[in-house]
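Asks:
Residue numbers (UniProt numbering): 1 to 370.
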């Protein structure tokens with residue numbers, strides 16, 4: 001870690017963080033486990049379902065969202081900015097846990113910003129989900145950004161964490177330390193997660209990874225290619241601040257990363273950061289283009305909503321709304337984005353793949369107060 005409060009009054013000894021790699025698992029089989037030892041006792045029993053192999057006909061069910069954070073049931077610490085939606089999102093994730101194969105949390109995870117106790121609160125909040133379902137994450141500005149930390153931005157949004165707690169608490173299959181980008185197969189989909197907080201220009205380690213990795217995806221095994229990053233490539237926002245404003249970063253992403261998405265036929269790109277729900281048409285170079293990537297901003301899982309949008313929407317925005325949602329769905333036949341027990345449809349669309357014999361349908365729902 002690299003700055004205050006993370007290195008001083010926000011610090012709390014996390015104890016030992018253990019990780020283990022399991023091999024020889026039978027695809028689709030449910031495994032049960034506990035954590036602990038005889039001296040200090042054992043946890044409750046958890047379970048997980050071993051990943052299905054990459055295969056064209058496999059259904060993959062996904063829940064995706066960004067910018068959640070933590071909250072108390074009685075809002076006792078959020079008098080100024082209520083964050084009860086973070087609890088609702090967690091409850092929805094837990095409700096659909098047995099119908100979910102993968103969780104994608106697209107940056108701004110706990111909003112600990114240098115206070116280690118908040119990380120503990122967050123994991124207590126999501127334990128019932130993360131202990132049973134793969135909980136895959138992107139890094140966001142509130143995990144990484146700090147002056148002099150060799151990141152892309154020099155803001156203080158991480159509270160001096162500089163990505164360290166995020167990296168240690170979420171052992172994703174990254175190439176190396178402080179390289180917060182990776183890809184993985186799950187069933188019919190291949191997922192590629194980038195870091196918008198690190199350099200992504202041609203010649204950078206991240207750009208080289210993205211280019212090589214996207215090129216190597218075997219679409220006969222994983223026909224769906226899903227991309228994700230924290231700061232959005234397409235966004236309806238009035239923030240033109242330099243260097244980290246929404247439109248400033250989006251322009252750079254479109255200049256350097258979008259050609260890769262287009263060349264390698266990425267189907268859907270998920271983004272967070274702006275606390276709203278926004279969906280584009282299939283778009284390339286700011287023009288609706290058949291067969292191009294559909295971009296979805298899903299930064300509405302818990303924090304206060306962002307309403308700094310233009311009076312007239314950009315031509316490539318097809319849907320925009322302000323609700324606190326959790327996004328979920330399944331590939332290849334159905335990808336349902338924000339979902340709830342009330343099943344109140346807010347948005348929906350279908351993406352046809354190649355000849356049209358495979359499709360993904362995304363439906364959006366408002367969550368009830370539970």
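Don't be surprised by glycine CBs; every beta carbon is placed ideally from N, CA and C.
Under the three-state reduction of DSSP, which class applies to residue 86: helix, strand or coil?
Replies: Residue numbering aside, residue 86 sits at position 86 when the chain shown is read from its first letter. Helix.
Asks: Counting only the same chain and skipping the five closest in sequence on each side, list residues whose C-beta sits under 7 Å from that of residue 7.
Replies: Numbered from 1 along the chain shown, position 7 holds the residue referred to as residue 7. For residue 7, where only same-chain residues beyond five positions count, the Cβ hits under 7 Å are 1, 160.
Asks: Tell me, please, whether the segment 304–323 touches the segment 278–294 by the rule of three or more beta-carbon pairs shorter than 8 Å.
Replies: The segment 304–323, when compared against the segment 278–294, does touch it at the 8 Å Cβ threshold.
Asks: Tell whether a beta-carbon distance below 9 Å holds between residue 268 and residue 294.
Replies: The residue you call residue 268 lines up with position 268 of the chain shown. The residue you call residue 294 lines up with position 294 of the chain shown. Their beta carbons are under 9 Å apart, which means residue 268 touches residue 294 by this criterion.
Asks: Please report the distance separating the alpha-carbon of residue 177 from that of residue 144.
Replies: Counting from one through the chain shown, the residue named residue 177 turns up at place 177. Counting from one through the chain shown, the residue named residue 144 turns up at place 144. In a straight line, the C-alpha of residue 177 is about 13 Å away from that of residue 144.
Asks: Kindly indicate the opening and closing residues of the alpha helix (DSSP H) around residue 185.
Replies: As a working note, residue 185 is residue 185 in the chain shown. Unbroken run through residue 185 is the beta strand (DSSP E), 182–186; no alpha helix (DSSP H).
Asks: Using the C-alpha atoms, what's the distance from residue 87 back to residue 114?
Replies: As a working note, residue 114 is residue 114 in the chain shown. As a working note, residue 87 is residue 87 in the chain shown. Using only the alpha carbons, I get a separation of about 22 Å.
Asks: Hey, how far is the Cα of residue 282 from the Cα of residue 4?
Replies: Taking the first residue of the chain shown as 1, we reach residue 282 at position 282. Taking the first residue of the chain shown as 1, we reach residue 4 at position 4. One C-alpha to the other measures close to 43 Å.
Asks: Sort 31, 239, 181 by Cα distance to residue 228 and report the nearest one.
Replies: Here the question's residue 228 lines up with position 228 in the chain shown. The candidate whose alpha carbon is nearest that of residue 228 is 181.
Asks: In terms of alpha-carbon separation, which member of 290, 297, 187, 193 lies closest to residue 223?
Replies: For the purposes of this step, residue 223 is identified with residue 223 of the chain shown, where counting begins at 1. That would be 187, whose Cα lies nearest to the Cα of residue 223.
Asks: Can you tell me whether residue 342 is helix, strand or coil according to DSSP?
Replies: Sequence index remark: in the chain shown, residue 342 carries index 342 (1-based). Unreliable placement is indicated for residue 342, whose pLDDT of 41 sits below 50; the coordinate value is still reported in the next sentence. Note: residue 342 maps to coil in three-state DSSP.
Asks: Helix, strand or coil: which one does DSSP assign to residue 40?
Replies: Stepping through the chain shown from its first residue, residue 40 is reached at position 40. If DSSP states are grouped into helix, strand and coil, residue 40 belongs with coil.
Asks: State the DSSP-derived secondary structure class of residue 130, mapped to helix, strand or coil.
Replies: Along the chain shown, one-based indexing puts residue 130 at 130. Three-state result, residue 130: helix.
Asks: Which of the three DSSP states, helix, strand or coil, is assigned to residue 282?
Replies: By one-based count along the chain shown, residue 282 stands at place 282. Correct three-state label for residue 282: strand.
Asks: Does DSSP classify residue 261 as helix, strand or coil?
Replies: Sequence index remark: in the chain shown, residue 261 carries index 261 (1-based). In the structure shown, residue 261 sits in a helix (DSSP, three-state: H, G or I).
Asks: With DSSP collapsed to three states, give me the class of residue 13.
Replies: Locating residue 13 in the chain shown gives position 13, counting from the first residue. Residue 13: coil per DSSP, three-state reduction.
Asks: Confirm, please, whether the CB-CB distance from residue 154 to residue 108 is below 9 Å.
Replies: Residue 108 sits at position 108 when you count from the first residue of the chain shown. Residue 154 sits at position 154 when you count from the first residue of the chain shown. No, they are not a contact pair.
Asks: Could you tell me the distance, in whole angstroms, from the CA atom of residue 85 to the CA atom of residue 300?
Replies: Here residue 85 corresponds to residue number 85 of the chain shown, with the count starting at 1. Here residue 300 corresponds to residue number 300 of the chain shown, with the count starting at 1. Straight-line Cα distance between these residues: approximately 9 Å.
Asks: Pick out the complete alpha helix (DSSP H) segments inside the segment 174–258, 4 residues or longer, and give them in chain order.
Replies: Taking only runs of at least 4 residues, the alpha helix (DSSP H) segments lying wholly in the segment 174–258 are 205–216, 246–256.
Asks: Thinking C-alpha only, which one of 252, 230, 264, 17 is nearest residue 104?
Replies: Working through the chain shown from its first residue, we reach residue 104 at position 104. That would be 230, whose Cα lies nearest to the Cα of residue 104.
Asks: Helix, strand or coil for residue 273? Go by DSSP, reduced to three states.
Replies: Here residue 273 refers to the residue found at position 273 when the chain shown is read from its first residue. Residue state, collapsed to three classes: coil.
Asks: State the Cα-Cα distance for the pair residue 297 and residue 232, rounded to the nearest angstrom.
Replies: Position 297 of the chain shown holds residue 297. Position 232 of the chain shown holds residue 232. For residue 297 and residue 232, the distance between alpha carbons rounds to 7 Å.
Asks: For residue 235 and residue 278, which I take to be in contact (beta-carbon distance under 8 Å), what is that distance rounded to the nearest angstrom?
Replies: Here residue 235 corresponds to residue number 235 of the chain shown, with the count starting at 1. Here residue 278 corresponds to residue number 278 of the chain shown, with the count starting at 1. The Cβ separation is near 7 Å, so the contact holds.
Asks: Which of helix, strand or coil does DSSP assign to residue 122?
Replies: Reading the chain shown from its first residue, position 122 is the one you call residue 122. Of the three classes helix, strand and coil, the one that applies to residue 122 here is helix, per DSSP.
Asks: How would you call residue 45, buried or exposed, if buried means at least 16 neighbouring beta carbons within 10 angstroms?
Replies: To locate residue 45, count along the chain shown from 1; it is residue 45. Exposed: under 16 other Cβ atoms inside 10 Å.
Asks: Closer than 8 Å by C-beta to residue 171: which residues in its own chain qualify, once you throw out the five before and the five after it? Chain order, please.
Replies: Taking the chain shown and counting its residues from 1, the one referred to as residue 171 is at position 171. So the qualifying residues of the chain are 19.
Asks: In angstroms with no decimal places, state the Cα-to-Cα distance between residue 99 and residue 61.
Replies: By 1-based counting over the chain shown, the position of residue 99 is 99. By 1-based counting over the chain shown, the position of residue 61 is 61. Their Cα atoms are separated by approximately 7 Å.
Asks: I need the boundaries of the beta strand (DSSP E) containing residue 318, first residue and last residue.
Replies: Mapped onto the chain shown, residue 318 falls at position 318. Run containing residue 318: 317–321, per the beta strand (DSSP E) assignment.
Asks: Could you say which of 260, 261, 157, 148 lies nearest to residue 110 if we only look at CA atoms?
Replies: Within the chain shown, numbered from 1, the residue matching residue 110 stands at position 110. If we check each option's Cα against that of residue 110, 157 comes out closest.
Asks: Straight-line CA distance for residue 96 to residue 32?
Replies: In the chain shown, residue 96 corresponds to position 96, counting from 1. In the chain shown, residue 32 corresponds to position 32, counting from 1. Distance between the alpha carbons of residue 96 and residue 32: 19 Å.
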